Amino acid sequence: MTSLDAQLPEHPLQRFFRSRRARPTFEWERHQLRDVLVIDHPQCQAVFSRQGAQLLHFQPQGQKPWLWCAAQWPQVGAIRGGVPVCWPWYGRHPGESGWPTHGWGRLLDWKLIDSSESEKGVSLHWRLQLWDWQVDLHAELGQGMELRLSTRHEDSEPCHFSHALHAYWRIGDVAEVALEGLDGAQGYDELSRQVCQQHGELRVAGGCQRVFEHAGALQLQDPTWQRRLNIDTGDSANTVVWHPGNRPLLGCVAARPQALCAWKPLRLPATPSACNRASRCNSNCRPAWRGDLRVTQSVTNCMPMRSVGTIVKTAVIAEKALF
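For the sequence shown, our numbering puts the final residue at 323, and the numbers step up evenly by one.
Here it is, written out as structure tokens:
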């Protein structure tokens with residue numbers, strides 16, 4: 001074990017899988033004032049919270065955990081980590097300053113409509129109904145991970161809408177990580193407030209918050225854990241890369257947590273090192289409008305793993321003006 005290994009604790013939700021007793025594939029538990037669904041399958045282990053239908057832990061068989069999650073959760077409010085569902089807006093609401101950041105979706109309890117298993121893994125269907133909206137989250141977990149978010153809007157009144165799958169990806173060492181797929185992309189650096197263009201692979205050093213005009217897949221090279229995270233967020237116009245640098249984040253135990261975020265369509269946090277990928281799109285909405293969002297993750301070049309722990313974030317976001 002290296003000195004870095006010793007500094008990085010295991011994923012806080014791996015505690016559910018330490019017991020030697022036989023556990024059913026799906027089992028509800030109570031953890032830090034929340035209902036959590038613990039999933040134990042030959043292909044993977046995972047934990048969802050009923051609040052927000054939030055995937056908090058995912059670990060395929062024979063691999064390190066893919067997601068980072070804070071060890072301490074607030075008694076009331078959003079859980080930092082995993083894959084929060086930002087809905088029906090991302091970031092601050094454009095018209096109501098007192099409404100919660102990233103919407104109500106991650107704060108409310110969702111209903112588990114269906115859960116099933118096969119030799120390849122597990123499938124889950126979560127649903128939230130609010131006023132004239134219905135949002136469904138479908139999850140396919142096994143040796144890979146796919147999340148699909150579908151929204152249906154039945155109201156004819158004009159409104160602003162955006163949604164995101166705001167993932168916190170766990171990595172070995174943020175100083176060694178490289179994000180591929182952005183070469184030549186034009187963007188805007190929100191820290192320096194200047195336009196920028198990416199040349200070659202992106203490496204994070206210090207704080208980073210950049211929005212790129214980019215659609216397509218990304219590859220996150222993680223040499224410390226000898227693997228490549230393949231991030232596919234479907235058709236998305238923008239990619240956001242965010243890393244807090246040395247700024248402390250709520251719920252982080254390590255003095256300088258490692259994380260990288262890549263999501264669709266906006267930005268992301270993690271242990272004080274994160275890189276996100278986000279996408280955003282605009283369109284008009286009519287009665288019975290439906291919007292879909294997807295993020296798919298797989299790993300290639302998996303080698304024998306070292307016991308190190310860091311975080312990488314990936315999120316998928318879409319923004320629509322509904323008129």
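All C-beta atoms in this analysis are idealised placements derived from N, C-alpha and C, irrespective of residue type, glycine included.
The structure displayed is predicted, hence computed values, not measured ones.
Length of the line joining the Cα atoms of residue i and residue j
i, j, result
"LYS111", "GLY52", "10 Å"
"TRP242", "GLN209", "4 Å"
"LEU67", "VAL47", "11 Å"
"ASP183", "ARG21", "49 Å"
"TRP133", "ARG127", "11 Å"
"ALA78", "THR151", "21 Å"
"GLN129", "VAL36", "20 Å"
"ASP232", "LEU218", "7 Å"
"GLU10", "PRO65", "9 Å"
"GLY95", "HIS163", "16 Å"
"GLU119", "MET145", "15 Å"
"ASP189", "GLY245", "15 Å"
"ASN284", "LEU33", "Because the pLDDT at ASN284 is just 42, under 50, the model does not fix this residue reliably, and the value given afterwards should be weighed accordingly. Roughly 40 Å separates the two Cα atoms."
"PHE26", "ILE113", "13 Å"
"VAL195", "ARG18", "49 Å"
Bridge partners - residue i, DSSP secondary structure assignment
i, result
"VAL38", "GLU27 and VAL47"
"TRP133", "LEU130 and HIS153"
"LEU179", "LEU202 and LEU220"
"THR339", "This structure does not reach residue 339, given that the chain is present from 1 up to 323, and the question cannot be answered."
"PHE58", "ALA46"
"THR239", "PHE212"
"LEU141", "VAL122 and MET145"
"ASP292", "SER150"
Contact set for residue i: own chain, Cβ-Cβ below 6 Å, skip 5 residues either direction
i, result
"HIS138", "HIS125 and ARG148"
"PRO60", "CYS44 and GLN143"
Contact belief for residue i with residue j at Cβ below 8 Å, rounded distance in angstroms
i, j, result
"VAL295", "LEU141", "At roughly 13 Å, the Cβ-Cβ gap does not stay under 8 Å, so VAL295 and LEU141 are not in contact."
"GLU180", "GLU157", "Actually they are not in contact, since the Cβ atoms of GLU180 and GLU157 sit about 43 Å apart, beyond 8 Å."
"PRO84", "HIS102", "7 Å"
"LEU229", "VAL299", "6 Å"
"PHE161", "PRO88", "5 Å"
"GLN221", "ALA178", "4 Å"
Segment limits, beta strand (DSSP E) that includes residue i
i, result
"GLN197", "194-197"
"ILE327", "Outside the modelled stretch of the chain, which goes from 1 to 323, sits residue 327, for which no answer is possible."
"ASP189", "186-189"
Spatial neighbours of residue i in its chain, beta-carbon cut-off 8 Å, leaving aside the 5 residues before and after
i, result
"PRO24", "ASP40"
"ALA185", "GLN197, GLN198, PHE212, GLU213, HIS214 and THR239"
"HIS57", "HIS11, LEU13, GLN14, GLN45, ALA46, VAL47, PRO65, LEU67, CYS69 and GLY82"
Neighbourhood of residue i by C-beta, 7 Å cutoff - its chain only, sequence neighbours within 5 removed
i, result
"PHE16", "GLU29, VAL38 and VAL47"
"GLN54", "PHE48, ILE79, GLY82, VAL83, PRO84, VAL85 and ARG106"
"GLY206", "GLY245"
Cβ-heavy atom distance, residue i to the ligand ADP, below 8 Å
i, result
"VAL174", "Looking at this structure, you won't find the ligand ADP or any other ligand, since it has none at all."
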